[in-house]
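Protein chains: 2
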Amino acid sequence: MTSDQTPAQRLPTLEDVAQVAGVSRATVSRVINNIRNVDPQLHKVVWDAVTATGYVPNRAARSLVTGRTGAIALVVSEAENRAADDPFLGAFFSDPFFGRVVGGVLSVLRPSGVHLALVLAGDEDACAKVVSDVRQGQVDGVVVLSLHPHDPLPRLLADAAVPAVLYGRPAAPMPISYVDVATYQGAKLAADHLIARGCQHVATISGSVDMPAGVDRLNGFREAMAKQGVAYVPSYDGGFTQEGGERAMERLLAEHPEVDGVFVASDVMAQGVMTVLREAGKAVPDDVAVIGFDDSSAALATRPQLTTVRQPVEDMAAEMARLLLTRIDQRANRTTSVIFDPDLVARASA
Amino acid sequence: MTSDQTPAQRLPTLEDVAQVAGVSRATVSRVINNIRNVDPQLHKVVWDAVTATGYVPNRAARSLVTGRTGAIALVVSEAENRAADDPFLGAFFSDPFFGRVVGGVLSVLRPSGVHLALVLAGDEDACAKVVSDVRQGQVDGVVVLSLHPHDPLPRLLADAAVPAVLYGRPAAPMPISYVDVATYQGAKLAADHLIARGCQHVATISGSVDMPAGVDRLNGFREAMAKQGVAYVPSYDGGFTQEGGERAMERLLAEHPEVDGVFVASDVMAQGVMTVLREAGKAVPDDVAVIGFDDSSAALATRPQLTTVRQPVEDMAAEMARLLLTRIDQRANRTTSVIFDPDLVARASA
DNA sequence: TCGGGAGCGGAGAGCGCTCTCCCTCTGTGC
DNA sequence: GCACAGAGGGAGAGCGCTCTCCGCTCCCGA
Numbered sequence: 001m002t003s004d005q006t007p008a009q010r011l012p013t014l015e016d017v018a019q020v021a022g023v024s025r026a027t028v029s030r031v032i033n034n035i036r037n038v039d040p041q042l043h044k045v046v047w048d049a050v051t052a053t054g055y056v057p058n059r060a061a062r063s064l065v066t067g068r069t070g071a072i073a074l075v076v077s078e079a080e081n082r083a084a085d086d087p088f089l090g091a092f093f094s095d096p097f098f099g100r101v102v103g104g105v106l107s108v109l110r111p112s113g114v115h116l117a118l119v120l121a122g123d124e125d126a127c128a129k130v131v132s133d134v135r136q137g138q139v140d141g142v143v144v145l146s147l148h149p150h151d152p153l154p155r156l157l158a159d160a161a162v163p164a165v166l167y168g169r170p171a172a173p174m175p176i177s178y179v180d181v182a183t184y185q186g187a188k189l190a191a192d193h194l195i196a197r198g199c200q201h202v203a204t205i206s207g208s209v210d211m212p213a214g215v216d217r218l219n220g221f222r223e224a225m226a227k228q229g230v231a232y233v234p235s236y237d238g239g240f241t242q243e244g245g246e247r248a249m250e251r252l253l254a255e256h257p258e259v260d261g262v263f264v265a266s267d268v269m270a271q272g273v274m275t276v277l278r279e280a281g282k283a284v285p286d287d288v289a290v291i292g293f294d295d296s297s298a299a300l301a302t303r304p305q306l307t308t309v310r311q312p313v314e315d316m317a318a319e320m321a322r323l324l325l326t327r328i329d330q331r332a333n334r335t336t337s338v339i340f341d342p343d344l345v346a347r348a349s350a
Numbered sequence: 001m002t003s004d005q006t007p008a009q010r011l012p013t014l015e016d017v018a019q020v021a022g023v024s025r026a027t028v029s030r031v032i033n034n035i036r037n038v039d040p041q042l043h044k045v046v047w048d049a050v051t052a053t054g055y056v057p058n059r060a061a062r063s064l065v066t067g068r069t070g071a072i073a074l075v076v077s078e079a080e081n082r083a084a085d086d087p088f089l090g091a092f093f094s095d096p097f098f099g100r101v102v103g104g105v106l107s108v109l110r111p112s113g114v115h116l117a118l119v120l121a122g123d124e125d126a127c128a129k130v131v132s133d134v135r136q137g138q139v140d141g142v143v144v145l146s147l148h149p150h151d152p153l154p155r156l157l158a159d160a161a162v163p164a165v166l167y168g169r170p171a172a173p174m175p176i177s178y179v180d181v182a183t184y185q186g187a188k189l190a191a192d193h194l195i196a197r198g199c200q201h202v203a204t205i206s207g208s209v210d211m212p213a214g215v216d217r218l219n220g221f222r223e224a225m226a227k228q229g230v231a232y233v234p235s236y237d238g239g240f241t242q243e244g245g246e247r248a249m250e251r252l253l254a255e256h257p258e259v260d261g262v263f264v265a266s267d268v269m270a271q272g273v274m275t276v277l278r279e280a281g282k283a284v285p286d287d288v289a290v291i292g293f294d295d296s297s298a299a300l301a302t303r304p305q306l307t308t309v310r311q312p313v314e315d316m317a318a319e320m321a322r323l324l325l326t327r328i329d330q331r332a333n334r335t336t337s338v339i340f341d342p343d344l345v346a347r348a349s350a
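Just so you know, the protein sequences line up as chains A and B, in that order.
According to UniProt numbering, the stretch in the first sequence is residues 1 to 350, in order.
According to UniProt numbering, the stretch in the second sequence is residues 1 to 350, in order.
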């Protein structure tokens, strides 16, 4: 009776449930994991016993024998040249985008009882650690937010053939799963909208052109404008920052004062663009129509509010989680990609 | 030699290290965990063997026997009346604040190898689940971001006497650890700054007065102004939202057009305030000086940039993690609170 | 010289679970 | 009526680790 002295302290185990249900440990395990056919009556008896005892499987014990942890990591990879505690990483975290991804991923993970561990990979060493963490079974797989085009992490993950899903197409082609948005289509939505408004002098402020998102948004927009009969579209690199957006808009205004429509490759840059336009005495959208990209919360913070191309971040993040869970489940080494359609969210700026 | 057929597949275990080092499993364990005095020479031999084999302790096995998981949860508790997948939760995640907390917590956790699991508690059931998760050893403890004054989670955690640390003082007094900022002092910084500027007609836009932060920032400001000889300060409730800030500022301007200095209880509200002031043709800071609170990224997004009371979010979050780890380590049920000093970050708006 | 204690390392028992065997029992076909 | 298949359930091994015992060695003082 030693073990019964502190019944409130000791958590119920399989053994306890088995005893209450009058079956063996193995049977309880089968019921809990839905394995093989267990007699329906017994099935119910076991579940009743589970409820009665308040039994919850012990993760550690289960992990130990299955070799799975029931946890995946969300890796925010900042690796390139900055230290992990660099203020810049904080700045990224400050971006609304991060939280939306977390929300999307968790919406899928919660029902399946999988934990989400947060990991920051600030440099190449940290990236290597991420890979070894997966191989050593600290987590079953990773979803990755990679912030730089030269981030070594995607390559490392692909080489290690480890369960992983990226947010956004990797900068270089490699065998790794990812979700992305149909950027060309999004840029086309913006182009068509500006044309439909009657804009005669359209320009674009692009993101960094060494990032897939930067290149695709620029090229997609140009292509769509070409289809509309506009052969040339001036473009300025805003580097995906608010500050960069301001500088780019200043140059655009200086060199093309006749501009009456701008496609800005991110909402954050668009914030800067709006500021510059206001200071230049240009009314939005009457003098200059502005369209952003992402539909982040920045789009709601501007006045007038920003018309933008909506990237379904939450849905994409949820799909990442789904792809990863499938991959882990099947233990097969197949890579997949899922591309989402963007929408145009028409607000006041265009 | 069965087990040696696929040496690349099987991860090294304590046993393997022991064999290489020529000692027993127990000794390797002692070395790894720094327990008792092990002969320094042997110590080195063991570490060499660890390096040689590439051994990494198996979390699950360790957990199983120690009863610790080596993971803590960051709980974002939205519990009050909304469902977990409600868009509002997404909106919270969009707030820069969240990411800063994560960064701070991780900076402490990473060195100690503790995992950070993200948990969303959208309703009271989810809160109960959080508590049982800790009791059932899914995680060793929790750090909590509680978003509503009537959130049941802090109470549940306190009652269960579970290792937990809150961000911000709980709405009602209870035995639970927390970190907070010296709000009165912060409000005083703002008051003194406005007075020093020569503002004659000072008002404040407060947050929700049913939240500790809302009440304290308002009362602290009033008290500080009183000390400066200003007996009455008009106040308007902006509910901690940008929209609410706009409405409050509109009313303030209508009822006190002579206002020349405003303390706004959050940067997000201040964004709205700035918009309204601009539309009303008031120059900031010449006509009206504006001071915010938080030093969030919203403070950098306004033009002119916002003078604000800086809440050292990252430091506070780091301290939360530290307090929690200590609490878990000692297994003692003592509650502590740590209060941080705010700074005034002088930018252009005041 | 010997007893005793401190220091150090090994043996071995589990932690709670899954999963492979194997046994039992029922039902079916000849 | 018997062999056999097949399904349901039990026994038990063992996942990798920690930690309690226990025994050995070595040094010191008597």
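Idealized CB from N, CA, C, for every residue including glycine.
Check                                                                                                            : Outcome
Nearest-angstrom Cα separation, counted from Pro163/A out to Arg322/B                                            : 32 angstroms
Contact check, Val276/A vs Met249/A, beta carbons under 8 angstroms                                              : yes
Minimum Cβ-Cβ distance from His115/A to chain B less than 8 angstroms                                            : yes
Contacting residues, own chain, Cβ-Cβ under 7 angstroms from Leu14/B (five flanking each side not counted)       : Arg25, Val28 and Ser29
Close beta carbons around Ala346/B, own chain, < 6 angstroms, minus the five adjacent residues each side         : Thr307
Any non-hydrogen atom of the ligand SAH within 7 angstroms of Met249/A CB                                        : You won't find the ligand SAH in this model; it holds no ligand whatsoever.
Interface flag, Arg59/A vs chain B, CB-CB below 8 angstroms                                                      : yes
Start-to-end residues for the beta strand (DSSP E) that takes in Ile72/B                                         : Ala71 to Ser77
Chain A contact residues for Gln136/B, given Cβ-Cβ distances below 7 angstroms                                   : Leu11 and Val56
Cross-chain neighbours of Phe98/A in chain B, by beta carbon under 7 angstroms                                   : Gly99
Between the CA atoms of Asp159/B and Ala128/B - distance to the nearest angstrom                                 : 11 angstroms
Distance, Ser63/B Cα to Gly137/B Cα                                                                              : 9 angstroms
8 angstroms Cβ shell around Arg303/A - same chain, five flanking residues per side excluded                      : Met274
Alpha helix (DSSP H) runs wholly inside the stretch 158 to 196 of chain A, at least 4 long, in chain order       : none
Beta-carbon proximity check, Ala265/A vs Leu218/A, cutoff 8 angstroms                                            : yes
Ala254/A classed as buried or exposed, judged by whether at least 16 other C-beta atoms fall within 10 angstroms : exposed
Closer than 8 angstroms to chain B by CB, Arg303/A                                                               : yes
Helix, strand or coil at Asn81/A [DSSP, three-state]                                                             : Its pLDDT being 42, under 50, Asn81/A is placed unreliably in this model, and the coordinates cannot settle the point.
Cβ-based burial, Tyr55/B [other Cβ within 10 Å; buried from 16]                                                  : buried
Where the stretch 272 to 287 of chain A meets chain B: residues whose CB sits under 7 angstroms from a CB there  : Thr275
Alpha helix (DSSP H) segment containing Ala350/A, residue limits                                                 : Element bounds for Ala350/A: n/a, residue is neither H nor E.
8 angstroms Cβ cutoff met for Val46/A and Val31/A                                                                : yes
Sequence-distant residues of its chain with Cβ nearer than 8 angstroms to Asp16/B (five each side left out)      : Thr53 and Tyr55
Cβ shell of Ala187/B (< 6 angstroms), same chain only, five flanking positions each side left out                : Arg217, Gly220, Phe221 and Ala224
Sub-8 angstroms separation of Val76/B and Leu116/B beta-carbons                                                  : no
For Ser349/B, the nearest candidate out of Thr336/B, Leu166/B and His193/B (CA to CA)                            : His193/B
Sub-8 angstroms separation of Tyr236/B and Ile205/B beta-carbons                                                 : yes
Asp294/B (DSSP reduced to helix, strand or coil)                                                                 : strand
Bounding residues of the alpha helix (DSSP H) (the contiguous stretch that carries Arg217/A)                     : Pro212 to Lys227
Extent of the continuous beta strand (DSSP E) run through Val45/B                                                : From DSSP, Val45/B is part of no beta strand (DSSP E) but of the alpha helix (DSSP H) over Pro40 to Thr53.
Supposed close pair Ala191/B, Ala60/A - CB separation, criterion 8 angstroms                                     : Their Cβ separation, rounded to whole angstroms, is 53 angstroms, which puts Ala191/B and Ala60/A out of contact at 8 angstroms.
C-alpha distance - Ser107/B paired with Val268/B, whole-angstrom precision                                       : 26 angstroms
Residues near Val38/A by beta carbon distance below 7 angstroms, same chain, minus five either side              : Thr27, Arg30 and Val31
Alpha-carbon to alpha-carbon, Met174/B and Arg334/B                                                              : 12 angstroms
Exposure label - Gln311/B; buried when at least 16 CB within 10 Å                                                : buried
Per-residue DSSP class, three states only, for Arg303/A                                                          : coil
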